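**Student:**
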Ligand code: HAM
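Residue numbers (UniProt numbering): 1 to 415.
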């Protein structure tokens, strides 16, 4: 018996990794169009950053972090999410000193010690963006639109945008009291999780899947918003409507991280077992100051890439022909094979993807390889052609075959 990968991790092998490349390249292209620039931060940070940033009483910090002590006796944690690290880098590198907004994006692995289920991993990957330096609701709308555009351009159908306002800390504190007043008489009826959430984070109780029946008359945070929160939330809706982004207001939407203020949102879709949230984010006006930076607001999102790829597969998206070579070259005989080595390299230098056989296989086996690689062309070189300085080039889609001079081969394929 050899080794197995740790629980909750995955190998992405050739054949499926192309789907990841496809999704990632869409993310990068969309960020280019929305003028978000890439940031790469460490895969681990000081543990304290997540305690302060994500919040001491969140599930993430309480029970899901991969925390270890290094040989210098520092407590470090594999990043469970990307916002805290991006904001730490924003502060440490004084990006707030620049005249323009800071619009950042990242794609990479995150780590959470979670119970395994479909769509939930211990190493998973996020595409995230963070926009720092403005309170304008147009920026919240832009971030939501960016995520929506990502899902639609990778080809996902039926993605639902849900938005809410979670107010300011003061608004939340007042709402918390109202909500506890409502929940207290029902305490015994609620599930264990909700009972313990009532102590730590009552707003999350309303998010519970099993207890919804008890919450029909629950107070709504939207009725507790102050003037500023209400104005922001209304402006957000106007911007989304202006961009033709369909959305639903879900007053019970609460995110699992503590840093949100005003806007909170999620993207939802059916099709991955019990999980329906595929991405989410929101505004965090206090976070930069909380981790020791200046008083700068921010808004961002994180989209789970495993969930994106899984949904694409379950929706039957056409993602199978993402790896193809342009030409498969076959040399018949020693002299021809030597010439193939030279021609093949020449094609590759011209930007053409090209492959050949290295195992001394018969022509028929080589043609099967060409099939498996979905080669657009095969190029076959025998002694006769070699002596004329030509190669037989066959277009696999049309079946058309012609002899092409060596010097013309790349041009012919690029045509
Ligand atoms: P989050 O809701 O914790 O937000 O995670 C965002 C997305 O990451 C989820 O919607 C899900 O798709 C994916 N995800 C989370 N945990 C797992 C897991 N164990 N396995 C697979 N996928 C998972 C954040 O992380 C915030 N940093 C988002 C944000 C950025 N807010 C503002 N800026």
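Virtual Cβ for every residue (Gly too), placed ideally from N, Cα, C.
Every value quoted in this text rests on a predicted model; they were computed, and no experiment measured them.
Starting from residue 328, trace the alpha helix (DSSP H) in both directions and tell me its first and last residue.
**Tutor:** Locating residue 328 in the chain shown gives position 328, where the first residue counts as 1. It is not in any alpha helix (DSSP H) - residue 328 instead sits in the beta strand (DSSP E) that spans 327-331.
**Student:** What residue does the beta strand (DSSP E) around residue 268 start on, and which one ends it?
**Tutor:** Reading the chain shown from its first residue, position 268 is the one you call residue 268. Residue 268 -> beta strand (DSSP E) spans 261-272.
**Student:** If we ignore side chains and look at the alpha-carbon of each, how far apart do residue 221 and residue 26 end up?
**Tutor:** By 1-based counting over the chain shown, the position of residue 221 is 221. By 1-based counting over the chain shown, the position of residue 26 is 26. In a straight line, the C-alpha of residue 221 is about 36 Å away from that of residue 26.
**Student:** Let me check you understand the geometry: is the CB of residue 40 closer than 7 Å to at least one non-hydrogen atom of the ligand ZN?
**Tutor:** The model depicted lacks the ligand ZN and carries the ligand HAM instead.
**Student:** For residue 168, which three-state DSSP category applies?
**Tutor:** Along the chain shown, read from residue 1 onward, the residue named residue 168 stands at position 168. Note: residue 168 maps to coil in three-state DSSP.
**Student:** What are the start and end residues of the beta strand (DSSP E) that includes residue 377?
**Tutor:** Position 377 of the chain shown, counted from the first residue, corresponds to residue 377. Run containing residue 377: 377-381, per the beta strand (DSSP E) assignment.
**Student:** Assuming residue 130 is part of the beta strand (DSSP E), what are its boundary residues?
**Tutor:** Position 130 of the chain shown, counted from the first residue, corresponds to residue 130. Segment 123-132, the beta strand (DSSP E) holding residue 130.
**Student:** Among 122, 170 and 408, which one has its Cα closest to the Cα of residue 286?
**Tutor:** As a working note, residue 286 is residue 286 in the chain shown. Among 122, 170 and 408, the Cα nearest to that of residue 286 is on 170.
**Student:** First and last residue of the beta strand (DSSP E) that includes residue 355?
**Tutor:** Position 355 of the chain shown, counted from the start, is the residue given in the question as residue 355. That run of the beta strand (DSSP E) goes 354-356.
**Student:** Between residue 358 and residue 52, what straight-line distance do the alpha-carbon atoms span, to the nearest angstrom?
**Tutor:** On the chain shown, position 358 is the one that residue 358 refers to. On the chain shown, position 52 is the one that residue 52 refers to. Each residue's alpha carbon lies about 56 Å from the other.
**Student:** Under 7 Å: does the beta carbon of residue 121 sit that close to some heavy atom of the ligand HAM?
**Tutor:** Working through the chain shown from its first residue, we reach residue 121 at position 121. For the ligand HAM, at least one heavy atom lies less than 7 Å from the Cβ of residue 121.
**Student:** To the nearest whole angstrom, what separates the beta carbons of residue 325 and residue 379, a pair I think is in contact under 8 Å?
**Tutor:** Residue mapping note: residue 325 aligns to position 325 of the chain shown, counting from 1. Residue mapping note: residue 379 aligns to position 379 of the chain shown, counting from 1. Actually they do not touch by this definition, with Cβ atoms about 11 Å apart.
**Student:** Give me the DSSP bridge partner(s) of residue 243.
**Tutor:** Locating residue 243 in the chain shown gives position 243, counting from the first residue. Paired residues: none, contrary to the question.
**Student:** Under DSSP, the beta strand (DSSP E) around residue 105 begins and ends at which residues?
**Tutor:** Counting from 1 along the chain shown, the entry for residue 105 is found at position 105. Per DSSP, residue 105 belongs to the beta strand (DSSP E) from 102-111.
**Student:** Measure the CB-CB distance between residue 75 and residue 83 and report whether it falls below 8 Å.
**Tutor:** If you number the chain shown from 1, residue 75 lands on position 75. If you number the chain shown from 1, residue 83 lands on position 83. No; because the gap between Cβ atoms is not below 8 Å, this pair is not in contact.
**Student:** Can you tell me the Cβ-Cβ gap for residue 206 and residue 254, rounded? I've got them flagged as a contact below 8 Å.
**Tutor:** Here residue 206 refers to the residue found at position 206 of the chain shown. Here residue 254 refers to the residue found at position 254 of the chain shown. Indeed, because the Cβ distance is near 7 Å, the residues count as touching under 8 Å.
**Student:** Going by DSSP, what residue range makes up the beta strand (DSSP E) through residue 364?
**Tutor:** Within the chain shown, numbered from 1, the residue matching residue 364 stands at position 364. Per DSSP, residue 364 belongs to no beta strand (DSSP E); it is in the alpha helix (DSSP H), 363-372.
**Student:** Do residue 91 and residue 288 have their C-beta atoms closer together than 8 Å?
**Tutor:** Counting from 1 along the chain shown, the entry for residue 91 is found at position 91. Counting from 1 along the chain shown, the entry for residue 288 is found at position 288. Yes. Within cutoff.
**Student:** Determine the burial state of residue 106: buried for a count of at least 16 other Cβ atoms within 10 Å of its Cβ, exposed for fewer.
**Tutor:** Residue mapping note: residue 106 aligns to position 106 of the chain shown, counting from 1. Residue 106 is buried by the Cβ-count criterion.
**Student:** Near residue 64, what residues of its chain come up, given a Cβ to Cβ distance below 8 Å and the 5 sequence neighbours on each side ignored?
**Tutor:** In the chain shown, residue 64 corresponds to position 64, counting from 1. Excluding sequence neighbours, residue 64 sits near 80, 112, 113 and 114.
**Student:** Contact between the region 259-276 and the region 310-319 is defined here as three or more beta-carbon pairs at a separation below 8 Å; is this criterion met?
**Tutor:** Contact holds: three or more Cβ-Cβ distances are below 8 Å.
**Student:** If you measure between the beta carbons of residue 165 and residue 262, is that distance less than 8 Å?
**Tutor:** Taking the chain shown and counting its residues from 1, the one referred to as residue 165 is at position 165. Taking the chain shown and counting its residues from 1, the one referred to as residue 262 is at position 262. The answer is yes: Cβ separation under 8 Å.
**Student:** Does the ligand HAM have even one heavy atom less than 7 Å from the beta-carbon of residue 126?
**Tutor:** Here residue 126 corresponds to residue number 126 of the chain shown, with the count starting at 1. Yes, the beta carbon of residue 126 sits closer than 7 Å to at least one heavy atom of the ligand HAM.
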